[in-house]
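Take a look at the structure below.
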Amino acid sequence: MSMIDSVTELEALATGIAIVDDDNVITYSNTTFARRLNIDTLPRRLTDIALAEARSRDLLEWQLRDIGESALTIEIAPGRSLTLYIGARRDGQRLVIAAIGWPHRDESTLDLAAQLDPLTGFGNRLMYAERLREFEALGARYAAVLVIDLDHFKQVNDTLGHGAGDELLVLVAQRIRASTRGNDTLIRLGGDEFVILIPDEKRREGLEALARRLVDLLGRPFLVDGHQINIGASIGIATLLGDSAQLQDLLRHADLALYEAKHQGRAGHYVFQSHLEQRAFDRRDFEVDLRRALGLRQFTLHYQPQTSMREQRVIGFEALIRWEHPTRGRVSPLEFIPLAEELGEIASIGRWVIRQACQQAMTWGDERLSVAVNVSPAQFADDAIVDVVRDALAHSGLAPARLELEITEGLFLEESESIMRRLWAIQELGVAIAIDDFGTGYASLGYLNSFPFSKIKIDKSFIQAEPSPRAKALISGILAMGSNLGMATTAEGIETLEQYRQLEHEGCNLAQGYYIARPMPAEQIADFLGQFRLSAAQAS
Amino acid sequence: MPDTLYRLVYMSRNDISDEIEPQIGGILEISRENNRQAQITGALMFNSGCFAQVLEGPHHAIQATFERIQCDERHSDVTVLLFEPSDARVFSSWAMAYVGAQAAAEQRFGHLGRDSGFEFAALDGNEIFNVLRANLYDAEPGEGVSS
Ligand SMILES: Cc1cc2nc3c(=O)[nH]c(=O)nc-3n(C[C@H](O)[C@H](O)[C@H](O)COP(=O)(O)O)c2cc1C
Numbered sequence: 000m001s002m003i004d005s006v007t008e009l010e011a012l013a014t015g016i017a018i019v020d021d022d023n024v025i026t027y028s029n030t031t032f033a034r035r036l037n038i039d040t041l042p043r044r045l046t047d048i049a050l051a052e053a054r055s056r057d058l059l060e061w062q063l064r065d066i067g068e069s070a071l072t073i074e075i076a077p078g079r080s081l082t083l084y085i086g087a088r089r090d091g092q093r094l095v096i097a098a099i100g101w102p103h104r105d106e107s108t109l110d111l112a113a114q115l116d117p118l119t120g121f122g123n124r125l126m127y128a129e130r131l132r133e134f135e136a137l138g139a140r141y142a143a144v145l146v147i148d149l150d151h152f153k154q155v156n157d158t159l160g161h162g163a164g165d166e167l168l169v170l171v172a173q174r175i176r177a178s179t180r181g182n183d184t185l186i187r188l189g190g191d192e193f194v195i196l197i198p199d200e201k202r203r204e205g206l207e208a209l210a211r212r213l214v215d216l217l218g219r220p221f222l223v224d225g226h227q228i229n230i231g232a233s234i235g236i237a238t239l240l241g242d243s244a245q246l247q248d249l250l251r252h253a254d255l256a257l258y259e260a261k262h263q264g265r266a267g268h269y270v271f272q273s274h275l276e277q278r279a280f281d282r283r284d285f286e287v288d289l290r291r292a293l294g295l296r297q298f299t300l301h302y303q304p305q306t307s308m309r310e311q312r313v314i315g316f317e318a319l320i321r322w323e324h325p326t327r328g329r330v331s332p333l334e335f336i337p338l339a340e341e342l343g344e345i346a347s348i349g350r351w352v353i354r355q356a357c358q359q360a361m362t363w364g365d366e367r368l369s370v371a372v373n374v375s376p377a378q379f380a381d382d383a384i385v386d387v388v389r390d391a392l393a394h395s396g397l398a399p400a401r402l403e404l405e406i407t408e409g410l411f412l413e414e415s416e417s418i419m420r421r422l423w424a425i426q427e428l429g430v431a432i433a434i435d436d437f438g439t440g441y442a443s444l445g446y447l448n449s450f451p452f453s454k455i456k457i458d459k460s461f462i463q464a465e466p467s468p469r470a471k472a473l474i475s476g477i478l479a480m481g482s483n484l485g486m487a488t489t490a491e492g493i494e495t496l497e498q499y500r501q502l503e504h505e506g507c508n509l510a511q512g513y514y515i516a517r518p519m520p521a522e523q524i525a526d527f528l529g530q531f532r533l534s535a536a537q538a539s
Numbered sequence: 000m001p002d003t004l005y006r007l008v009y010m011s012r013n014d015i016s017d018e019i020e021p022q023i024g025g026i027l028e029i030s031r032e033n034n035r036q037a038q039i040t041g042a043l044m045f046n047s048g049c050f051a052q053v054l055e056g057p058h059h060a061i062q063a064t065f066e067r068i069q070c071d072e073r074h075s076d077v078t079v080l081l082f083e084p085s086d087a088r089v090f091s092s093w094a095m096a097y098v099g100a101q102a103a104a105e106q107r108f109g110h111l112g113r114d115s116g117f118e119f120a121a122l123d124g125n126e127i128f129n130v131l132r133a134n135l136y137d138a139e140p141g142e143g144v145s146s
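Heads up: the sequence lines are chains A and B, in that order.
Heads up, the first sequence is in numbering that gives the first Met the number 0, so the first residue is 0 and it goes up one at a time.
Heads up, the second sequence is in numbering that gives the first Met the number 0, so the first residue is 0 and it goes up one at a time.
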């Protein structure tokens with residue numbers, strides 16, 4: 000109590016202040032505190048004060064069991080809340096401060112209050128920084144950080160509301176508290192991310208045991224708002240082993256380890272290792288390169304012909320993106336498209352692809368040739384896709400019927416009216432829409448009935464599979480379905496004459512694959528068309 | 000309606016490997032004490048493989064009690080079978096049952112119930128119990144704990 004000199008000064012304060020003993024009995028309270036909590040006589044147990052909700056009492060009792068400092072907002076009467084800042088227990092007593100309402104910025108004049116998260120009673124970022132400063136000042140040589148991130152928390156908020164989300168966070172905090180020791184610092188970084196800062200930890204096994212316990216405990220069911228909720232947790236661990244220069248890196252390292260834990264499948268933990276840092280740098284470089292690729296004109300389109308099996312004629316080309324990087328060489332779309340989707344770069348890359356494909360198709364000198372463009376589900380996330388297609392057609396002058404968008408089944412994993420609306424809008428422009436990689440998605444087949452797709456492209460994994468009875472049955476099933484629905488069928492990835500003959504025999508309409516031709520730069524298309532006509536004429 | 004009555008039914012794996020009697024006795028004792036204060040009633044069933052518990056009471060009380068129970072290292076693999084509002088209590092006081100192959104259960108565990116104020120009951124006829132009992136029988140390892 001060194002900061003305040005006399006009892007009279009305490010009395011005069013507009014801040015409600017009280018002191019409680021080991022049994023949570025209020026041994027001193029200034030008038031403001033007594034007024035705010037409706038206390039008329041002392042001694043009185045803090046946990047016996049009148050509260051609007053029984054739940055608040057449970058929380059208060061729970062919070063007081065902990066000897067560390069914490070904060071808690073409780074409803075003292077309907078519509079009247081108080082935030083209690085509970086100091087750490089020292090020499091059998093602790094300070095309790097009562098502030099009106101939810102914590103405000105301007106109450107941050109109280110150091111402790113500013114460092115606490117009122118929802119969970121854990122510390123916040125400020126407290127973390129403060130503790131690091133203390134560690135540094137003490138020349139701490141051993142410390143560890145666990146970063147805990149909840150899996151599926153967003154779904155809880157989305158489906159049950161923020162009230163339930165908050166209640167869940169309180170329970171999560173309690174489980175974390177129950178698994179840790181008194182001198183660990185517990186932090187809620189914000190959202191659903193928690194940090195445990197452990198002083199003096201030397202053994203990695205102990206940390207891993209704690210992480211396993213937490214993953215286990217947080218994976219057990221919660222009862223919130225009348226619902227059973229199952230979430231899970233992933234944990235990243237970083238330790239400071241005898242080198243205080245790294246103190247500032249702890250949290251970042253733990254975050255990198257967390258990323259790795261999530262990457263390896265959720266509900267687990269990972270201990271930071273130095274190679275993760277290199278990997279993070281590499282990932283960052285790759286991101287930067289990808290963000291620049293469009294501006295530096297490093298993308299090109301290659302075209303793979305699609306032929307009609309019956310007529311032995313090229314009916315069009317599928318445009319395939321290539322990224323040629325000066326030092327990385329050719330980067331596979333399998334590598335950069337997912338990242339582009341994650342970074343949101345897919346929208347601008349996708350726009351470029353559609354425009355470029357339309358423009359180049361205009362130079363082919365054959366009005367019948369179509370051009371097919373792959374569109375990622377991420378591009379269908381908003382209405383912009385419709386404008387992109389319309390603009391590309393207007394800009395190039397390409398007849399809409401010559402353009403075809405290839406989408407994957409992934410688009411239909413979640414039933415969405417807005418996606419169907421965009422598909423119909425594009426269809427109304429006169430553009431065809433085909434299903435790509437058919438048979439690999441997990442969508443139900445119902446969507447096939449809901450839209451007049453131009454083609455079903457059978458995934459190459461079926462075409463290239465060992466010619467087992469099962470593979471054959473699958474293919475003929477897909478072909479029959481296509482013809483019933485009035486949709487053309489394309490076999491992708493045909494590599495051999497046998498595969499070609501077999502599919503032709505089964506009644507497949509269109510063919511694409513190395514057996515016919517590899518994807519080629521735009522400049523080679525004219526030559527290819529000439530040669531193909533020649534050899535087709537010779538063959539017949 | 001802050002005090003709507005809820006019912007929770009869960010099962011878990013019994014991780015008590017030795018001293019099962021004093022351990023169960025301890026659980027019953029503390030449960031009776033805590034649950035009465037929290038206005039919770041219910042029943043606990045166990046054998047050497049499993050626990051099954053029914054808790055009835057106000058939402059917040061069940062939540063707080065279940066949080067404590069969850070963290071108890073004497074069991075694991077907690078599976079919630081039911082959590083929903085209910086019109087009335089099925090167990091107006093406390094009940095406890097040993098469900099297993101051992102015929103001498105009443106003899107062996109009966110005093111636990113009497114000492115802790117639990118009613119050691121056969122719990123026949125109740126639907127929840129029929130399901131739980133079937134599960135418990137399935138989970139009991141071959142011979143059970145013999146002494
Ligand atoms: C299967 C099982 C059932 C339990 N049931 C209850 C119960 O109904 N009520 C209760 O208060 N404690 C129950 N406990 C004991 C709690 O887990 C915990 O040990 C006890 O509430 C004391 O908690 P504390 O040490 O945090 O005060 C049960 C434990 C087990 C293993």
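For each residue, glycine too, the CB sits at the ideal point set by N, CA and C.
Query	Result
I want to see whether chain A comes within less than 9 Å of residue 42/B, judged by CB atoms only; does it?	no
Any beta carbon of chain B sitting closer than 9 Å to that of residue 62/A?	no
Given a cut-off of 9 Å on the beta-carbon distance, is the pair residue 509/A and residue 454/A in contact?	yes
Going by the C-beta, is residue 74/B closer than 8 Å to any heavy atom of ligand 1?	yes
Considering residue 330/A, what are the terminal residues of the beta strand (DSSP E) in which it resides?	328-330
Return the residues of the stretch 3-29 of chain B that lie within a Cβ-Cβ distance of less than 9 Å from chain A, sorted by chain order.	3, 5, 7, 9
Would you verify that the beta carbon of residue 89/B is, or is not, closer than 9 Å to some beta carbon of chain A?	no
Looking at C-alpha atoms only, which residue of 9/B, 74/B, 93/B, 21/B is the closest neighbour of residue 31/B?	93/B
Might you give, ordered along the chain, the residues of its own chain that have their beta carbon closer than 6 Å to the beta carbon of residue 371/A, omitting 5 neighbours on each side?	317, 403, 405
Listed from N- to C-terminal order along the chain, which residues in the stretch 48-72 of chain A have their beta-carbon within a distance smaller than 7 Å of any beta-carbon of chain B?	52, 53, 54, 57
Hey, which unbroken runs of the alpha helix (DSSP H) at 4 residues or more fall wholly within the stretch 78-150 of chain A?	110-113, 124-137
For chain B, is any of its Cβ atoms less than 9 Å away from the one on residue 177/A?	yes
In angstroms, rounded to a whole number, what distance separates the CA positions of residue 218/A and residue 418/A?	34 Å
Which chain A residues are close to residue 147/B, counting only those with a beta carbon under 9 Å from its beta carbon?	The first residue shown for chain B is 0 and the last is 146, placing residue 147/B beyond what the model contains.
Give a yes or no on whether 9 Å exceeds the smallest Cβ distance from residue 83/B to chain A.	yes
If contact is defined by three or more beta carbon pairs under 8 Å, each pair taking one atom from either stretch, is the stretch 47-65 of chain B in contact with the stretch 520-527 of chain A?	no
What do you get for residue 201/A, buried or exposed, if any count of 16 or more other CB atoms within 10 angstroms of its CB means buried?	exposed
Just to check, is the beta-carbon of residue 54/B closer than 8 Å to a non-hydrogen atom of ligand 1?	yes
At a Cβ threshold of 9 Å, is residue 79/B touching chain A?	yes
Please work out which residues of its chain come closer than 7 Å, Cβ to Cβ, to residue 461/A, disregarding the five sequence neighbours upstream and downstream, and give them in chain order.	438, 470, 473, 474
Please determine whether the Cβ atom of residue 46/A lies at a distance below 8 Å from any heavy atom of ligand 1.	no
Are the CB atoms of residue 169/A and residue 127/A nearer to each other than 9 Å?	no
Around the Cβ of residue 513/A, are there at least 16 other Cβ atoms within 10 angstroms (buried) or fewer (exposed)?	exposed
Relative to the C-alpha of residue 43/B, which residue among 36/B, 54/B, 37/B, 35/B is closest?	54/B
Suppose the cutoff is 7 Å on Cβ atoms and the five residues either side in sequence are ignored; what does the same chain contact list for residue 105/A look like?	With a pLDDT of 45 at residue 105/A, under the threshold of 50, the predicted position of this residue should be treated as unreliable, though the coordinate-derived value follows. For residue 105/A, where only same-chain residues beyond five positions count, there are no Cβ hits under 7 Å.
Is residue 67/B near ligand 1, with its Cβ less than 8 Å from a heavy atom?	yes
Can you give me, in chain order, the residues of the stretch 223-246 of chain A that have a beta carbon less than 7 Å from any beta carbon in chain B?	225, 227
May I have the straight-line CA-CA distance separating residue 185/A from residue 176/A, to the nearest angstrom?	8 Å
For residue 312/A versus residue 487/A, is the C-beta distance shorter than 9 Å?	no
Got a sec, what are the start and stop residues for the beta strand (DSSP E) residue 544/A sits in?	In the structure as shown, chain A begins at 0 and stops at 539. Residue 544/A is therefore absent and cannot be evaluated.
Do residue 41/B and ligand 3 come close, with the Cβ less than 8 Å from some heavy atom?	Among the ligands present in this structure, namely ligand 1, ligand 3 is not found.
Ignore the nearest five residues each way along the sequence and tell me which others in residue 239/A's own chain have a CB closer than 8 Å to its CB.	139, 140, 141, 142, 143, 245, 246, 249
Less than 9 Å between CB atoms is the rule here; does residue 92/B satisfy it with respect to chain A?	no
Show which residues of chain A have a CB atom less than 7 Å away from the CB atom of residue 62/B.	222
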